[in-house]
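>
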Amino acid sequence: MIGGVCSALLALHVVGAQPPARAGGDSVRTSTPRDSARASTAAPRDSTQTAATADSTRRRGVSVLPALGYAPETGVVVGAAVFTLRRNPRDSSVRPSSFNAVATRSVRAQSVVRVASEVWAHQNRGRAFGFAQYARVPFTFFGIGRGSGAVEEDFTPETVTLYAEAQRRFGRGWYVGGGTEFARLTLPRVEAGGALAADTILGSRGSRVLSMLALVSYDTREDVFQPRRGQFVQFTLLGAPRALGSEFGHGRITVDARGYRAVTRRAVVAWQAFADHVDGDVPFDRLATIGGSAIARGYLAGRFRDREAVALQGEWRQAIRGRLGVVLFGGAAQVGAGTGDVFRATPLPFGGGGVRWRLQPNERLAVRIDYGFTRDSRGFYLAVGEAF
110 MIGGVCSALL
120 ALHVVGAQPP
130 ARAGGDSVRT
140 STPRDSARAS
150 TAAPRDSTQT
160 AATADSTRRR
170 GVSVLPALGY
180 APETGVVVGA
190 AVFTLRRNPR
200 DSSVRPSSFN
210 AVATRSVRAQ
220 SVVRVASEVW
230 AHQNRGRAFG
240 FAQYARVPFT
250 FFGIGRGSGA
260 VEEDFTPETV
270 TLYAEAQRRF
280 GRGWYVGGGT
290 EFARLTLPRV
300 EAGGALAADT
310 ILGSRGSRVL
320 SMLALVSYDT
330 REDVFQPRRG
340 QFVQFTLLGA
350 PRALGSEFGH
360 GRITVDARGY
370 RAVTRRAVVA
380 WQAFADHVDG
390 DVPFDRLATI
400 GGSAIARGYL
410 AGRFRDREAV
420 ALQGEWRQAI
430 RGRLGVVLFG
440 GAAQVGAGTG
450 DVFRATPLPF
460 GGGGVRWRLQ
470 PNERLAVRID
480 YGFTRDSRGF
490 YLAVGEAF
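Here the numbering used here is used: position 285 in the sequence shown is 394, and no number is missing along the way.
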């Protein structure tokens, strides 16, 4: 799918007026690594706790602030955002629920409006996530396949996306669930004389997709924003048959595996292995891609696209002092028409580094400033949250 905007929420972070609950009556309880390690494996607690009690112990962080971002595809992005974060200070094993609404405009006439929410159930027994988004984002089409690049066509798609998923925990760290997605893409502007204008690429006149998803996850991270230990593995199976109303019938299988290990009190090693496969009648905007602010930083978003994409990347995350940290990252990726093509081809390496600044002293959600480079291109990124 056409990528979104790399937004960074940079401003004063205002915490809600409700004071945090105290533990033991004389000191404010804060999360410790030992507390957080029980994030997805905590033993069941007393189920007689009432909803009113749980609500009274939640701490809410509310931010109303300007939005600022940058990516090579979009240039400088400005706008406004509302972000809320809700935690239970009496039980640090419960993961935070959040809500955010963002409206942005870039110097390259990009517009994005997005509303998203994530809710975690009591004792992390379940999770629900959803978003609605409108985006008008200028991009460059480089063709399809790892040999793409001879073609460079500017185009501006408009997309409307509705997405929802829900998962329930089964056993130690395992989550199973499903979801649905509706995506409508139109192309009000394409480059005259190009392949998209000539309608030789599937989906070059736009697309309508309604899909169903099945998800299986294994998640033992002790923090969802900036983990120090644990694993996250998610298998996603997507089907978008014509019988559901999709204009192009196709399927997708995605595997996303991540690991985190604290090597010292201030340093963490993180890694990610990612594979994405599509088949059927796949419009070009929904092909597997690499590039952008998350996978293969340094390449433009969608620089390479095909029916198969794989990537392996790692990071060294080093805390410096207070809210400040630095990161070194590197990896390799590739695309191809099939699994055999991907692994026979020479990998596309990338690397770089960046700076992190936590939005709040007691939260690990951080602004990241990354500089990525490849053999052919460079990229500067300003965003909120780690790449993985």
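All C-beta atoms in this analysis are idealised placements derived from N, C-alpha and C, irrespective of residue type, glycine included.
All values reported here derive from a predicted model rather than from experimental measurement.
Using alpha carbons as the reference points, say which of PHE497, GLN335, LEU347 lies closest to ALA371.
Selected option, being the one with the closest Cα: GLN335.
> Suppose the cutoff is 6 Å on Cβ atoms and the five residues either side in sequence are ignored; what does the same chain contact list for THR270 look like?
The residues are GLN242, ALA292.
> Considering only C-alpha positions, which residue in the set ALA212, ARG195, LEU409, GLN340 is nearest to PHE250?
Ranking the options by Cα distance to PHE250, first place goes to LEU409.
> Nearest to ARG367 by alpha carbon, out of PHE413, ALA403, VAL391?
The option with the nearest alpha carbon to ARG367 is ALA403.
> Can you tell which of VAL171, VAL173, ASP263, GLY188 has the C-alpha that lies nearest to the C-alpha of TYR179?
Of the listed residues, the one whose Cα sits closest to TYR179 is GLY188.
> Drop a sphere of 10 angstroms on the beta-carbon of PHE452, count the other beta-carbons inside from all chains shown, and report buried for 16 or more, exposed for fewer.
Per the 10 Å Cβ criterion, exposed.
> Shortest alpha-carbon distance to VAL203 belongs to which of GLU182, ASN233, VAL216?
Of GLU182, ASN233, VAL216, the residue nearest in Cα terms is ASN233.
> Taking the C-alpha atoms as reference points, what is the distance between ASP479 and ALA442?
If I take the Cα positions, the gap works out to 18 Å.
> Measure from the alpha carbon of ALA225 to the alpha carbon of each residue in THR398, ALA446, GLU274, SER320, then state which is nearest.
The shortest C-alpha separation from ALA225 is found at GLU274.
> According to DSSP, ASN209 sits in a beta bridge with which residue or residues?
Bridge partners of ASN209: PHE192, ALA225.
> Which residue's Cα is closest to the Cα of GLY494: ARG477, LEU433, ARG487, GLY481?
Of ARG477, LEU433, ARG487, GLY481, the residue nearest in Cα terms is ARG477.
> In this structure, how does DSSP classify PHE452 when only helix, strand and coil are distinguished?
Correct three-state label for PHE452: helix.
> On a CA-only basis, which of GLN276, PHE248, ASP365, GLY184 is nearest ALA323? Give me that one, please.
Of GLN276, PHE248, ASP365, GLY184, the residue nearest in Cα terms is GLN276.
> Please look up how many angstroms separate the CB atoms of GLY462 and PHE438, rounded, as I've assumed it's under 8 Å.
That pair is a contact at about 7 Å.
> Of all the beta strand (DSSP E) runs that stay within the bounds of the segment 226-270, which reach a length of 3 or more residues?
Whole beta strand (DSSP E) segments, 3+ residues: 235-245, 248-250.
> On a Cα-Cα basis, can you pick out the residue from ARG430, SER207, VAL246, ALA349 that is closest to ARG375?
Considering only alpha carbons, the answer is ARG430.
> Is DSSP giving LEU353 helix, strand or coil here?
DSSP places LEU353 in helix when its eight states are reduced to three.
> Do the segment 294-310 and the segment 340-351 touch if we need at least three Cβ pairs shorter than 8 Å?
No: the two stretches stay apart, fewer than three of their Cβ pairs being nearer than 8 Å.
> Can you check whether the CB of PHE264 is closer than 7 Å to the CB of LEU319?
No, Cβ-Cβ distance for LEU319 and PHE264 is not below 7 Å.
> Please classify ALA352 as buried or exposed, where buried requires at least 16 other C-beta atoms within 10 Å of its C-beta.
The residue is exposed, with fewer than 16 neighbouring Cβ atoms inside 10 Å.
> Quick check: what's the CA-CA separation for ASP308 versus ALA420?
Distance between the alpha carbons of ASP308 and ALA420 is about 30 Å.
> May I have a chain-ordered list of the alpha helix (DSSP H) segments no shorter than 4 residues that lie completely inside the segment 346-404?
Whole alpha helix (DSSP H) segments, 4+ residues: zero.
> CA-CA distance, GLU262 and GLY488?
Approximately 19 Å between the Cα atoms of the pair.
> Could you check if GLY256 is buried or exposed, using at least 16 other CB atoms within 10 Å of its CB as the buried criterion?
It is exposed - the Cβ of GLY256 has fewer than 16 other Cβ atoms within 10 Å.
> In terms of residues, what are the limits of the beta strand (DSSP E) holding GLY460?
Taken as a continuous stretch (DSSP letters only), the beta strand (DSSP E) holding GLY460 covers 457-467.
> Out of LEU474, LEU491, ARG473, state which residue places its alpha-carbon closest to the alpha-carbon of GLY481.
Answer by Cα proximity: LEU491.
> Count the other CB atoms, across all protein chains shown, that sit within 10 Å of the CB of GLY286; report buried if there are 16 or more and exposed otherwise.
With 16 or more Cβ atoms within 10 Å of its Cβ, GLY286 is classed as buried.
> Kindly provide the ranges of any beta strand (DSSP E) runs that are 3 or more residues long and lie completely inside the segment 261-342, ordered along the chain.
The segment 261-342 contains these whole beta strand (DSSP E) runs: 262-278, 283-299, 316-328.
> If you compare alpha carbons, which of GLY339, GLY411, GLU417 is closest to ALA454?
Ranking GLY339, GLY411, GLU417 by Cα distance to ALA454 puts GLU417 first.
> Would the beta-carbon of TYR284 fall within 7 Å of that of GLY239?
Taking 7 Å as the Cβ cut-off, TYR284 and GLY239 do not qualify as a contacting pair.
> One question on the structure: do THR213 and VAL186 come within less than 7 Å of each other, judged by their Cβ atoms?
Against a cut-off of 7 Å, the Cβ pair of VAL186 and THR213 comes out as a contact.
> Could you give the distance in angstroms between the alpha-carbon of LEU194 and the alpha-carbon of PRO247?
Going from the Cα of LEU194 to the Cα of PRO247 covers about 31 Å.
> When you compare the CB positions of GLN427 and GLY440, do they come within less than 7 Å of one another, or not?
Going by C-beta atoms, GLN427 is not nearer than 7 Å to GLY440.
> Can you tell me where the beta strand (DSSP E) with GLY439 in it begins and where it stops?
From DSSP, the beta strand (DSSP E) with GLY439 extends over 433-445.
> Can you tell me whether DSSP reads SER201 as helix, strand or coil?
Correct three-state label for SER201: coil.
> Hey, would you say VAL325 sits closer than 7 Å to PHE341, going by beta carbons?
For VAL325 and PHE341, no; Cβs fall outside 7 Å.
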